[in-house]
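J.: Pasting a structure here, questions to come.
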Amino acid sequence: MFSLFLLLPHLGTLPGAGEAEQHGSGLWTPGQQKQVWEELSRLRRQVNALPGFRDYLVPLRIDGDTGRLYLQADGREIEVTEQNVQQILEDFRLQAQRAGQKRLTFLLIADYSKPHPDQRDEARFRRWFAGTRFEYIPPPRY
């Protein structure tokens, strides 16, 4: 997740570190290498502890006029239907696994100030996403 290049400017400012020194060959000393690896491990532990970094998030748009569900892919919108929802779920499970994320989460985002999603839409989405983590973000009720 984090690149060692992000750590380069901070080598001299790590706790207990003196001024960053270079070997005559331009390589880091064994002590510097150990320090960078320890810092990288610490950052990985912090990132893995954050809930948002454990999720592979997939936003889906709910059309407020029709209640249809859409996925943005390759610059176009694909309608999620009863026929293709299982394939979409499986594709994103594989993508999340390849990305090393711990869980797949779909975000169902509603258009604001529209009649949909209604209760039937919500029931359909619960059926489609049964066994898969999803968060329904309802439109605000004024």
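Per this note's numbering, residue 843 is the first one in the sequence shown, and the count goes up by one each step. We treat Cβ as the ideally placed atom computed from N, Cα and C, and that holds for glycine.
Quick check on R910: does DSSP put it in helix, strand or coil?
T.: coil
J.: Starting from F976, follow the beta strand (DSSP E) in both directions and report where the run begins and ends.
T.: Looking at the DSSP string, the run of the beta strand (DSSP E) that includes F976 is 975-979.
J.: Is the Cβ-Cβ distance between F967 and L949 less than 8 angstroms?
T.: Not closer than 8 angstroms, so no.
J.: Considering only their Cβ atoms, is the gap separating Q943 from D897 smaller than 8 angstroms?
T.: Between D897 and Q943, the C-beta gap is smaller than 8 angstroms, which places the two residues in contact.
J.: How long is the line joining the alpha carbons of R884 and D960, rounded to whole angstroms?
T.: 45 angstroms
J.: Whose CA, out of E881, Q875, L899, D907, lies closest to the CA of D953?
T.: D907
J.: Please report how far the alpha carbon of F976 lies from the alpha carbon of Q888, in whole angstroms.
T.: 24 angstroms
J.: Following the continuous alpha helix (DSSP H) through L931, name the residue where it begins and the one where it ends.
T.: Unbroken alpha helix (DSSP H) run through L931: 927-940.
J.: Leaving aside the five residues before and after I920 along the sequence, list all residues of the same chain whose C-beta is less than 6 angstroms from its C-beta, in chain order.
T.: L913
J.: Among residues of its own chain, excluding the 5 on either side of R962, which ones have a beta-carbon nearer than 8 angstroms to its beta-carbon?
T.: Taken in chain order, the residues that qualify are G909.
J.: I'd like to check one pair, L931 with T974: are the Cβ atoms closer than 8 angstroms?
T.: yes
J.: Assign Q929 to one of two classes, buried (16 or more other C-beta atoms within 10 Å of its C-beta) or exposed (fewer than that).
T.: exposed
J.: Can you check which of these residues, T923, E924, Q925, L902, is closest to A915 by C-alpha distance?
T.: L902
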